[in-house]
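Take a look at the structure set out below.
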Amino acid sequence: MHVAIVGAGVVGMTTAWRLANEGHAVTVLERRDGPGEETSFANGGQLSYSYVAPLAGPGVLSKVPGWLLRRDSPMRFRPSADPAQWRWLLAFARACNAGTSDATTRKLLRLAFHSRDLMQAFVHGEEARNENALGHVPGGGFDFARRGKLIVHRDKAAFDAARRLLDYQASLGCEQIALDRDACVALEPALERIRGDIAGAIHTPSEEVGDCHRFCVALARLLQGRPDTQLRFGTRVTGLKRDLGRVTGVLIADGEAERAIDADAVVVAGGIGSVPLLRPTGLRPMLWPLKGYSITVPIADGVRAPHVSVTDFANKIVYARIGNTLRVAGMADLVRGGPTIDDERVAALAAQTQAVFGIGGADDTAALQPWAGLRPATPGGLPLIGESRVRGLWLNIGHGALGFTLAMGSASLLADAMAGRRSAIDAGDFSALAA
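At the far end of the sequence shown sits residue 434, using numbering that gives the first Met the number 0, and the numbering has no gaps.
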């Protein structure tokens, strides 16, 4: 079967790799000049399989007014006249309760752990077999490493609440340990600078990191040269070809005209750009962009930078050592527009990095490689994976900030559904029929 895949971010590329390995002819269509050049380009880099609780949690709504009043708030909201934004916000508010959040967390954990197993198999299997594609170096050519993760709490009440959840998390399969201030700094000496501010931390030894963009590039290298695979970068998809209510291909820009590429099935994995593409089919996936930011700080010789991944719980900022750099990411801005750089947000990330680790406070922010991406989020946090209500049209969208973490498992679910076989986890939890 010939499958056309719209989008070459981490979700699209893992989908292409999985389907190609199952014997399908695959054509990937991407408007950028290479894979992983938008939301996958410089994300947080943490493969946080045990930390997938949705943004829509029971305590979030009470925090929103305070966040909106702070200039350095981890969340910003700029209202618009777009009814879609208000529908998304109302659905988000309805999901901010303990019952919904707990059920969503359980579903996401199952998908995340499935992804973790598949990523491990990929790194160890493909690294051994494909020296040219993955560089035959530790980390599979994308600085993949098991570094563990520390959720650092500055507030005792927040730390106590996290400790009370340990048994619940363990029942879901999470391996976590509560550490006091001294044990936290002993595990990660780079936190010495803020020792006095630490109330405690939750340590998950099994968490991993990697360079998401380079992972996408590695997948492209694995796919290049296969006789039944085409990677068409620099190609703008303008619409979906339909015949008698069925999607039969895609339409691409060809100069001033359009040209059709026929396909037996089309998978839309284009992130937030999927919304306008799907609209003519009658599908209205409830996605809204959560704009996030990152900086990438070079780690010079002799500089004390963290080896363990760190999340500053109070400031909602994540730190991940990727090769010889420190990726710093955070913020969730509910705004319209593209991934333009907000200098104030970048400055806040740089200031926090300087305060916590004593690095990254460069006057020249360009040296910190500032980046912004539009994370395609559903209100409740569950992605949409599988066959849609339109025949021939499949979706793999809505992963929010968890695209890298969930990509391998999501591709597996979609491939299983396309083959008509039972998945390792309940695929119905992520049904695309709701779009």
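Yeah, the Cβ is synthetic: ideal placement off N, Cα and C, and Gly gets one too.
Residues near residue i by beta carbon distance below 7 Å, same chain, minus five either side
i      : result
Thr295 : Ala41, Thr324, Arg326, Leu367 and Gln368
Arg109 : Ile424
Ala304 : Ala189, Ile298, Arg320, Leu325, Phe356 and Ile358
Pro382 : Ile396, Gly397, His398, Leu405, Ser409 and Phe429
Strand pairing of residue i, partner residues [DSSP]
i      : result
Pro297 : Thr324
Arg245 : Asp242 and Arg390
Phe232 : Glu29
Asp415 : Asp415 is not bridged to any residue.
Pro188 : None, per the DSSP bridge assignment.
Ile251 : Val236 and Arg258
Tyr292 : Gly329 and Ala371
Burial state of residue i (16 or more Cβ within 10 Å)
i      : result
Gly195 : exposed
His135 : Unreliable positioning characterises His135 in this predicted model, as indicated by a pLDDT of 44, which lies under 50. A coordinate reading is not provided.
Ser39  : buried
Asn314 : buried
Met0   : exposed
Leu405 : buried
Pro137 : Note that Pro137 scores 47 on pLDDT, short of 50, meaning its location in the model is unreliable and no value can be drawn from it.
Lys62  : exposed
Glu37  : buried
Same chain only: Cβ atoms within 8 Å of residue i, ignoring 5 sequence neighbours per side
i      : result
Ala19  : Val25, Leu222, Arg225, Asp227 and Thr228
Asp179 : Gly199
Arg146 : Glu206, Glu207, Val208, His306, Val307, Ser308, Ala319 and Arg320
Contact check, residue i vs residue j, beta carbons under 9 Å
i      : j      : result
Arg230 : Lys240 : In the sequence as presented, Arg is not what sits at residue 230; that position holds Leu. No, these two residues do not count as a Cβ contact at 9 Å.
Arg320 : Val208 : yes
Gly44  : Met12  : no
Thr103 : Gly380 : yes
Leu289 : Val274 : no
Ala262 : Gly281 : no
Ile193 : Val355 : yes
Phe385 : Leu333 : The question names Phe, but residue 385 in the sequence shown is Gly. It is not a contact, given that the beta carbons lie outside the stated cut-off.
Trp16  : Ala268 : no
Thr234 : Leu60  : no
Ile316 : Pro73  : yes
Cys211 : Gly402 : yes
Ala451 : Pro378 : Here the chain covers residues 0 to 434 and nothing more, so residue 451 does not appear.
Lys106 : Asp428 : yes
Arg77  : Arg344 : no
Thr203 : Cys173 : yes
Straight-line Cα distance separating residue j from residue i
i      : j      : result
Cys215 : Gly329 : 22 Å
Ala256 : Ala200 : 57 Å
Ser430 : Asp300 : 48 Å
Ala3   : Val265 : 5 Å
Asp311 : Ile150 : 6 Å
Val309 : Ala55  : 22 Å
Thr218 : Val122 : It should be pointed out that residue 218 corresponds to Leu in this sequence rather than to Thr. Each residue's Cα considered, the two are about 11 Å apart.
Pro521 : Ala376 : Absent from the structure is residue 521, since the part of the chain shown begins at 0 and ends at 434.
Tyr292 : Gly140 : 24 Å
Val236 : Ala156 : 50 Å
Asp142 : Gly124 : 16 Å
Gly419 : Gly270 : 25 Å
Arg258 : Ala7   : 20 Å
Ala80  : Thr99  : 28 Å
Asp341 : Pro64  : 21 Å
Contacting residues, own chain, Cβ-Cβ under 6 Å from residue i (five flanking each side not counted)
i      : result
Arg115 : Tyr48
Asp71  : Ala347
Gly254 : none
Asn96  : Pro57
Leu392 : Val246 and Val265
Trp66  : Ser72 and Met74
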